[in-house]
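Participant: Just so you know, the sequences run in chain order A and B. Counting in this note's numbering, the first sequence runs from 13 upward without gaps. Counting in this note's numbering, the second sequence runs from 339 upward without gaps. Note that CB positions come from ideal geometry on N, CA and C, so glycine has one too. These numbers come from a predicted model, not from an experiment. So that we are looking at the same thing, I have put the structure below in structure tokens.
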Amino acid sequence: MHGYANPARFLRLARLLTAPLLVVGGLWTLAVLAWGLLGAPAEQLQGETVRILFVHVPAAWLGMGGWSLIALASLSELVWRHPLASIAARAAALPGAFFALLCLVTGSLWGRPAWGAWWVWDGRLTSMLVLFFLYCAYLALADAAVRSGHGNTRIAAIFGLVGAVNIPIIHYSVIWWNSLHQPPSIGMAALSGKSAMAPEFLYGLLAATLGFSLLFGGVVLARMRSILADQQTESRLRRRAMEYADA
Amino acid sequence: MHEGLNQLAFVYAAYALGVSGTLALVIQSWTAMQRAEDRRERSREQ
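Laid out in structure tokens, this is it:
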């Protein structure tokens with residue numbers, strides 16, 4: 013990881029990957045969603061609403077994945093002082109918050125016809141809502157650190173690390189507590205071909221998750237490049253202002 | 339389902355939100371990156 017601590021080296025790699033990730037991820041996702049909407053069969057129990065899962069499951073995965081990235085980057089910032097870690101954490105926050113919100117909204121749209129309710133205070137739903145609030149708080153903390161001008165993002169990093177305790181709570185909520193939400197259907201068993209889910213849904217969900225993940229990667233890289241460029245512009249202008257002041 | 343809800347209306351709403359929201363996120367991130375990198379190049383040339 014420290015090989016990419018040099019911003020110039022990171023930028024070379026990021027410039028190479030950003031557009032391909034967005035283009036390939038976008039086309040792949042659109043193709044999978046078109047199949048999910050028009051080609052996938054309706055499910056015996058859930059009927060047409062099963063199609064919502066091709067948006068809902070990747071959104072849930074990326075909502076949790078985004079915070080996992082924030083936690084790893086925060087750990088890297090606090091322990092190893094990796095210079096790009098706080099930039100990576102800040103870049104992942106807004107996309108992560110978006111996907112956590114998309115997960116909640118699409119879950120609600122699935123729940124209304126399937127459960128007869130837009131919302132229930134269930135362990136899985138509530139812990140996902142808490143994750144969205146954690147994202148909002150993280151965005152506010154990181155923004156405040158940048159606006160204060162001293163660039164100290166340690167408080168946001170500690171918050172990012174502590175907030176990670178919610179990720180296993182979300183994952184195990186359907187096992188620990190009685191829940192309307194179904195238990196995990198995709199796990200290691202799915203990869204070895206022993207999933208309880210019908211193959212056409214399982215492969216569709218995996219394909220949709222891959223497409224959205226490629227898009228997420230492209231968005232995070234674009235946002236990292238944006239933050240890095242802003243920092244470089246600011247430090248150049250500050251240096252020039254000091255040179256004028258000295259002259 | 340007991341109320342005779344049109345399931346496809348919920349499906350279309352979820353897809354519309356998913357696609358339009360993701361597209362907006364991608365466009366906003368890309369344009370912010372382009373603007374920031376343009377500002378950096380201008381500051382280098384000045």
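#1: With 7 Å as the limit, tell me which residues of the stretch 367-381 of chain B have their beta carbon closer than that to any beta carbon of chain A; keep them in chain order.
#2: Is there a Cβ of chain A sitting closer than 8 Å to that of B/Gly359, yes or no?
#3: I'd like to know if B/Gly342 contacts chain A, where contact means its C-beta is closer than 8 Å to some C-beta of that chain.
#4: Checking contacts by CB at 8 Å: is A/Gln244 closer than that to chain B?
#5: Return the chain-ordered list of same chain residues with a C-beta closer than 6 Å to the C-beta of A/Ser191, the five sequence neighbours on each side being excluded.
#6: Report yes or no: do three or more beta-carbon pairs, one from the stretch 146-159 of chain A and one from the stretch 226-237 of chain A, lie closer than 8 Å?
#7: With 16 other CB atoms within 10 Å as the buried threshold, where does B/Arg373 fall?
#8: For the alpha helix (DSSP H) holding A/Gly223, just list the boundary residues, first then last.
#9: Determine contact between the stretch 71-83 of chain A and the stretch 29-38 of chain A, defined as no fewer than three beta-carbon pairs at a distance below 8 Å.
#10: In this structure, does DSSP put A/Gly59 in helix, strand or coil?
#11: Using 8 Å as the Cβ pair cut-off and three pairs as the minimum, do the stretch 57-64 of chain A and the stretch 342-353 of chain B touch?
#12: So if I threshold CB-CB distances at 7 Å, which residues from the stretch 81-100 of chain A count as touching chain B?
#13: Below 8 Å on the Cβ atoms is my guess for A/Ala169 versus A/Ser98; work out the distance and round it to an integer in Å.
#14: Which parts of the stretch 76-117 of chain A are runs of the alpha helix (DSSP H), unbroken and 4 residues or longer, counting only runs that do not cross its ends?
#15: If you count every other CB in all the chains shown that lies within 10 Å of the CB of A/Gln10, and 16 or more means buried, which is it?
#16: Would you say A/Glu255 faces chain B, with C-beta separation under 8 Å as the test?
#17: Taking just the CA atoms, how far does A/Leu218 sit from A/Pro125?
Facilitator: In brief:
#1: Ser367, Trp368, Ala370, Met371, Ala374, Glu375, Arg377, Arg378, Ser381
#2: yes
#3: no
#4: yes
#5: Asp134, Gly135, Arg136
#6: no
#7: exposed
#8: 211-258
#9: no
#10: strand
#11: yes
#12: none
#13: 7 Å
#14: none
#15: No answer is possible for residue 10 of chain A: it lies beyond the span of chain A, which begins at 13 and ends at 259.
#16: no
#17: 24 Å
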